[in-house]
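S.K.: Below is the structure I would like to discuss, written out as structure tokens.
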Amino acid sequence: MDNCHISGASSLDDTVDGAVDDKGDPAKRSFSGAWKSAYFIIGMAVVERFAFKGIETNLINYLTGWLGESTVAAAANVNTWSGTSTLLPLLGASIADSYLGQYRTIVIASVTYILGLGLLTLSAVLTSGSSSNCKNRNKTTSCSPSELQVFFFFFSLYVVAIAQGGLKPCLQAFGAEQFDQRDQEECKAKSSFFNWWYFGLAGGAAVSYLIMSYIEENVSWILGFGILCLFMVLGLLLFLFGARTYRYSIKKDERSPFVRIGRVFVAAAKNWKTTPPVEATEEVAQENLPPHQGSNQFKLWSLFYGRFLNKALLLPGGSGEKGKACSLSDVEEAKAVLRLFPIWATCLAYGIVLAQPPTLFTKQGTTLDRSIGSGFHIPAASLQFFRALTVLIFIPIYDRIFVPIARSLTRKPSGITMLQRIGTGIFLIAITMVIAALVELKRLKTAEEYELVDMPKTTLPMKVWWLIPQFIFLGISDSFTSVGIQEFFCDQMPNELRSVGVSLQLSIVGLGSLLSTSLISVIGKITSGDGRDSWFSDNLNRAHLDYFYWLLAGLTAIGLAVYLFFAKSYIYNSTT
70 MDNCHISGAS
80 SLDDTVDGAV
90 DDKGDPAKRS
100 FSGAWKSAYF
110 IIGMAVVERF
120 AFKGIETNLI
130 NYLTGWLGES
140 TVAAAANVNT
150 WSGTSTLLPL
160 LGASIADSYL
170 GQYRTIVIAS
180 VTYILGLGLL
190 TLSAVLTSGS
200 SSNCKNRNKT
210 TSCSPSELQV
220 FFFFFSLYVV
230 AIAQGGLKPC
240 LQAFGAEQFD
250 QRDQEECKAK
260 SSFFNWWYFG
270 LAGGAAVSYL
280 IMSYIEENVS
290 WILGFGILCL
300 FMVLGLLLFL
310 FGARTYRYSI
320 KKDERSPFVR
330 IGRVFVAAAK
340 NWKTTPPVEA
350 TEEVAQENLP
360 PHQGSNQFKL
370 WSLFYGRFLN
380 KALLLPGGSG
390 EKGKACSLSD
400 VEEAKAVLRL
410 FPIWATCLAY
420 GIVLAQPPTL
430 FTKQGTTLDR
440 SIGSGFHIPA
450 ASLQFFRALT
460 VLIFIPIYDR
470 IFVPIARSLT
480 RKPSGITMLQ
490 RIGTGIFLIA
500 ITMVIAALVE
510 LKRLKTAEEY
520 ELVDMPKTTL
530 PMKVWWLIPQ
540 FIFLGISDSF
550 TSVGIQEFFC
560 DQMPNELRSV
570 GVSLQLSIVG
580 LGSLLSTSLI
590 SVIGKITSGD
600 GRDSWFSDNL
610 NRAHLDYFYW
620 LLAGLTAIGL
630 AVYLFFAKSY
640 IYNSTT
């Protein structure tokens, strides 16, 4: 469905309705917003991805190496931190949309991000100093960091997570708001913005995978974290430099959107036993719906929530004639949020799969032959570069070739609908897990064939390039689903809740990481009974990651089937 909301001619008045410039004057289309602003915002996003991936990509090796954790414990810590980092945007978006605004939240979060990276660098210095002193004293006992050093490291790590909670949702929502949906050219450019946004993220991640993983593993963790901190400073300066070009949204309602929506749920709960009279129902039907909604047309899911939320329109006691507990606008706004739940929930299996590359995929790579020529070994974490490289290659093809062709056939500005794009990516990620399972089976057979099953520290005579296909398919899937989800949740939320829409997309990845941690923990305990080797044994040659990958492929296939059931009846908002 066409999600551009054009009224009248393709070119509107130069003044952008509902937006002001940095001086508080009405924003002019010719001097602000669109790509003039988007380049600065995307630039900041590239730097943030470079910094975040510089930590996440090699974190499991830092935990199993410098901190001496087991594979299972390290994978759980990585997934928990990553999950928390992508769930906190729900809180950050709430604060931004209700109180601070997106621009202020971005600046505050960026400063906090820099602080976190600075502390992380300091923690590496302290840990390195302790290890060096231990070696100088020629101690034969373990030189594991002290509990205080470990606490300080994780404290620094979670300061970064808190900072990302404010920065990530607001930055993307702020970028999307630079494009006016009511202008034909800017509407088309907005769909392209999400493609190039993700292209930029992939570019930042690719450089981080390729360079930072090598520096951290072969040069110095202190230097690695220090570089990330420096780049975040440069990113903040770049963002501030573009302040004069930005469009700043004007709040139309002084009340917090969360207060409005929360009041609807409270009022509906108080009236849950009340049956509205026919007259009240007809009165509601006669009122004008807010321009951003059409939620009563979503036939399947609306059966579950529509009647319940409509009860918030009634005064306590069931009277629908003399007044309403909540306005129709508030109720429809609550429905706009709740109607997205089925799409969000059915994408969680996708989020679980995304937790595997920086953890289990990376640990697989450490067991394989990573040599190039004589004497050079690529870091296992740098394999994720091929995922990012695939995105960098595929996004321009999608945006410049696929979309124009599809647009000519479907007459939609984005070529295909957002939900079609998401579904395609979910299908591809199921194929990714099938490929990963088959490659892991090949790895296990190689260990058996060369009698290396009980020699986990010995490199298997199998090239690490066998893992590349699963990273390539993952990159193609990202180009469909990750970009589609970002655009969908940003576009389908009410205007004042755009940051929350972005955070919902991020929460899929965050909750997916936490669910992955739970799955690994539960399956590990179940499969390690009676003296058997767990699916996630520290000796990967006796583990069965292939079984886990088959399980994820099955869960993703089930999730796709349920997703299609809801997606086929979804009615897009006519305006936002």
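In the numbering used here, the protein residues as written are 70 to 645.
The beta carbon of each residue, even a glycine, is placed where N, CA and C say it ideally should be.
For clarity, every value in this text was computed on a predicted model and none was experimentally measured.
Determine the DSSP secondary structure at S440, reduced to helix, strand or coil.
M.R.: strand
S.K.: In angstroms, rounded to a whole number, what distance separates the CA positions of R332 and F410?
M.R.: 19 Å
S.K.: If you follow the alpha helix (DSSP H) that G244 is in, where does it begin and where does it stop?
M.R.: Annotation: the continuous alpha helix (DSSP H) that includes G244 extends over 216-245.
S.K.: Out of V522, W290, L236, T528, which one is the CA nearest neighbour of T196?
M.R.: W290
S.K.: Identify, in the order they occur along the chain, each residue of the same chain with its Cβ nearer than 6 Å to the Cβ of Y283, setting aside the five sequence neighbours on each side.
M.R.: Result list for Y283: P448, in chain order.
S.K.: Per DSSP, which one or two residues make a beta bridge with H446?
M.R.: Residue pairing from DSSP places H446 in a beta bridge opposite S440.
S.K.: Can you list the alpha helix (DSSP H) stretches of 4 or more residues lying completely in the region 130-164, in chain order?
M.R.: 140-156, 158-164
S.K.: Locate the alpha helix (DSSP H) running through D94, then write down its first and last residues.
M.R.: In the DSSP assignment, D94 falls outside any alpha helix (DSSP H) and carries neither an H nor an E.
S.K.: Taking 7 Å as the limit between beta carbons, can you name the residues of its chain near R611, skipping five residues before and five after?
M.R.: V522, D602
S.K.: Name the one or two DSSP bridge partners that S318 has.
M.R.: A88
S.K.: Do Y467 and T550 have their C-beta atoms closer together than 9 Å?
M.R.: One thing to note: Y467 has its Cβ no nearer than 9 Å to the Cβ of T550.
S.K.: Going straight from the alpha carbon of C298 to that of L488, what length do you get?
M.R.: 37 Å
S.K.: How is K259 classed by DSSP in three states: helix, strand or coil?
M.R.: The DSSP-derived three-state label of K259 is helix.
S.K.: At which residues does the alpha helix (DSSP H) containing V522 begin and terminate?
M.R.: V522 -> no alpha helix (DSSP H), and no H or E assigned at all.
S.K.: Which residue from H613, R490, T586 puts its Cα closest to that of T596?
M.R.: H613
S.K.: Compare the Cα-Cα distances from L270 to each of G623, I485, F454 and report the closest residue.
M.R.: F454
S.K.: For P238, which option in S576, F634, F220 has the closest C-alpha, if you only look at C-alpha atoms?
M.R.: S576
S.K.: Among all the DSSP beta bridges, which residues are the ones paired with K481?
M.R.: Per DSSP, none; premise fails for K481.
S.K.: Count the other CB atoms within 10 Å of the CB of D664; is the residue buried (16 or more) or exposed (fewer)?
M.R.: Nothing about residue 664 can be reported from this structure: the residues present for the chain run from 70 to 645 only.
S.K.: Relative to the alpha-carbon of T174, which residue among I231, W341, S192 has its alpha-carbon at the smallest distance?
M.R.: Closest in C-alpha terms to T174, from the list I231, W341, S192, comes I231.
S.K.: Whole alpha helix (DSSP H) runs in the region 584-644 with 4 or more residues, listed along the chain?
M.R.: 614-636
S.K.: Excluding the 5 residues preceding and the 5 following E285 in the sequence, name in chain order all residues of the same chain whose CB lies nearer than 7 Å to its CB.
M.R.: N127, G293
S.K.: From the DSSP output, in three-state form, read off K532 for me.
M.R.: strand
S.K.: State the start and end residues of the unbroken alpha helix (DSSP H) segment that holds M301.
M.R.: 290-310
S.K.: Between the alpha carbons of L529 and S440, how many angstroms are there, rounded?
M.R.: Their backbone Cα atoms lie some 12 Å apart in a straight line.
S.K.: For T190, tell me which candidate among R98, F222, A165 has the shortest Cα-Cα distance.
M.R.: F222
S.K.: Quick check on R329: does DSSP put it in helix, strand or coil?
M.R.: helix
S.K.: Beta-carbon within less than 8 Å of S139's beta-carbon, same chain only, minus the 5 sequence neighbours each way: which residues are those?
M.R.: T133, D607
S.K.: So the alpha helix (DSSP H) I412 belongs to, where does it begin and stop?
M.R.: 410-415
S.K.: Hey, how far is the Cα of I498 from the Cα of T625?
M.R.: 8 Å
S.K.: Are V552 and N264 touching if we call contact CB-CB under 9 Å?
M.R.: yes
S.K.: Mapping the DSSP letters down to three states, classify Q250 as helix, strand or coil.
M.R.: coil
S.K.: Do A312 and D91 come within 9 Å of each other at the CB atom, strictly closer than that value?
M.R.: In this structure, A312 lies closer than 9 Å to D91 by Cβ.
S.K.: Using CA atoms only, rank isn't needed, just tell me which of S260, P427, I421 is closest to I48.
M.R.: Nothing about residue 48 can be read from this structure; the chain reaches only from 70 to 645.
S.K.: Closest to V219 by CA distance: which of Y131, I462, M531 is it?
M.R.: Measuring from the Cα of V219, the nearest candidate turns out to be Y131.
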